[in-house]
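Student: Protein chains in written order, with the working numbering: chain A, 11 to 126; chain B, 11 to 126.
The beta carbon of each residue, even a glycine, is placed where N, CA and C say it ideally should be.
Remember, it's a predicted structure, so these values are computed and weren't measured experimentally.
Can you keep this structure in mind? I'll have questions shortly.
There are 2 protein chains.
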Amino acid sequence: MSSTELPECGVARFLMLCSGPWATLIVRELLHGPQRFGELREALPGVSAHTLTSRLRSFEERGILTRTAYAEIPPRVVYELTELGRELRPVLDAMNAWGSAAPASAFTAAKVTAPR
Amino acid sequence: MSSTELPECGVARFLMLCSGPWATLIVRELLHGPQRFGELREALPGVSAHTLTSRLRSFEERGILTRTAYAEIPPRVVYELTELGRELRPVLDAMNAWGSAAPASAFTAAKVTAPR
DNA sequence: CCGGATCCTAAGGGATACTG
DNA sequence: CAGTATCCCTTAGGATCCGG
Numbered sequence: 011m012s013s014t015e016l017p018e019c020g021v022a023r024f025l026m027l028c029s030g031p032w033a034t035l036i037v038r039e040l041l042h043g044p045q046r047f048g049e050l051r052e053a054l055p056g057v058s059a060h061t062l063t064s065r066l067r068s069f070e071e072r073g074i075l076t077r078t079a080y081a082e083i084p085p086r087v088v089y090e091l092t093e094l095g096r097e098l099r100p101v102l103d104a105m106n107a108w109g110s111a112a113p114a115s116a117f118t119a120a121k122v123t124a125p126r
Numbered sequence: 011m012s013s014t015e016l017p018e019c020g021v022a023r024f025l026m027l028c029s030g031p032w033a034t035l036i037v038r039e040l041l042h043g044p045q046r047f048g049e050l051r052e053a054l055p056g057v058s059a060h061t062l063t064s065r066l067r068s069f070e071e072r073g074i075l076t077r078t079a080y081a082e083i084p085p086r087v088v089y090e091l092t093e094l095g096r097e098l099r100p101v102l103d104a105m106n107a108w109g110s111a112a113p114a115s116a117f118t119a120a121k122v123t124a125p126r
């Protein structure tokens, strides 16, 4: 996938960033404000620690968010979107608007042939 | 990802539809108007026929676009977005706006340790 | 509490060859 | 021209164990 050379355009750049479903959903959660690792896990039912860590690291490297670790017992790590990350809000809003208005048949893989 | 249960929200619904990078880019091309199979291949440098067919079929099943085949010699097949598909324009526009304004460091993989 | 390490599966995607 | 069939690779993501 990544070995494939995508066309160079704004859309493709976004797609390189949000390469999986969880990546996008993590951004969505952080748009609500800075959150801890555990808070993100609870806010995203079904996500594994592995995936969450992987996506957060990737975002951090790309300057989408900042990672702040407090050397306490117990440890506390807070993730917060950067200005660049917060600028993703319009994209998420547009996605949400479409998904909320679309009929179920648009996102269920069922090969249902509508009665006509 | 198939067994992965994503949260139920508008964003997740969009992500189920555009499960790969090419899927989104195909929609972007069709927003310019109805296009033939060959036209899409040329407009999307690097895409394979396999992927193009696969994504187009998926979109057709979900009612995002219509497939019209003309029984001619040579064959001609035209793909056109439905009303539901055209409603994806705001999403693509938002992605493009972000990608166009983002610095290169945001979408180029920042390799921590580059062995080689 | 926050992950890193390891192993595993599933699905997108490419290459090639071939067909209606 | 517009696919289809087959094989293979890559990567997102899950499960489990273990370290700081």
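Per the DSSP calculation, Arg46(B) is bridged to which residue(s)?
Tutor: Per DSSP, Val88(B).
Student: Give me the chain B residues within the contact set of Glu90(A), using Cβ-Cβ distance strictly less than 7 Å, ordered along the chain.
Tutor: Those within 7 Å of Glu90(A) in chain B number zero; the least Cβ separation is about 16 Å.
Student: Beta-carbon of Glu93(A) versus every beta-carbon of chain B: anything under 8 Å?
Tutor: no
Student: Spatial neighbours of Leu25(B) within its chain, please: CB distance less than 8 Å, with the 5 preceding and 5 following residues excluded, ordered by chain position.
Tutor: Leu16
Student: Confirm, please, whether the CB-CB distance from Gly109(B) to Gly20(A) is below 8 Å.
Tutor: yes
Student: Tell me, please, which residues DSSP counts as bridged to Ala79(A).
Tutor: Looking at the DSSP assignment, Ala79(A) forms a beta bridge with Val87(A).
Student: Got a sec: which bits of the region 46–72 of chain A sit with their beta carbon under 7 Å from any beta carbon on chain B, in order along the chain?
Tutor: Listed by position, the residues of the region 46–72 of chain A near chain B (Cβ gap below 7 Å) are Leu54, Pro55, Gly56, Glu71, Arg72.
Student: Do Thr76(A) and Thr92(A) come within 8 Å of each other at the CB atom, strictly closer than that value?
Tutor: Yes, Cβ-Cβ distance for Thr92(A) and Thr76(A) is below 8 Å.
Student: Measure the alpha-carbon distance for Ala59(B) versus Thr34(A) and round it to whole angstroms.
Tutor: Counting only the Cα atoms, Thr34(A) lies some 28 Å from Ala59(B).
Student: Ignore the nearest five residues each way along the sequence and tell me which others in Leu62(B)'s own chain have a CB closer than 8 Å to its CB.
Tutor: The residues are Trp32, Ile36, Phe47, Leu50, Arg51, Leu54.
Student: Hey, does Arg23(B) have any beta-carbon neighbour from chain A nearer than 8 Å?
Tutor: yes
Student: Thr34(B) touches chain A at which residues, Cβ-Cβ below 8 Å?
Tutor: Per Cβ cutoff of 8 Å: Val21, Leu25.
Student: Mind checking which residues open and close the alpha helix (DSSP H) that includes Thr63(B)?
Tutor: 59–71
Student: Using a C-beta cutoff of 8 Å, does Gly109(A) count as contacting chain B?
Tutor: Yes, its Cβ sits closer than 8 Å to a Cβ of chain B.
Student: For Tyr89(A), count the other beta carbons within 10 Å of its own beta carbon; 16 or more makes it buried, fewer makes it exposed. Which is it?
Tutor: buried
Student: For Ala22(A), report the span of its alpha helix (DSSP H) as first-last.
Tutor: 20–27
Student: Should Val101(A) be labelled buried (16 or more other beta-carbon atoms within 10 Å of its own) or exposed?
Tutor: By the C-beta density criterion, Val101(A) is buried, having at least 16 other C-beta atoms within 10 angstroms.
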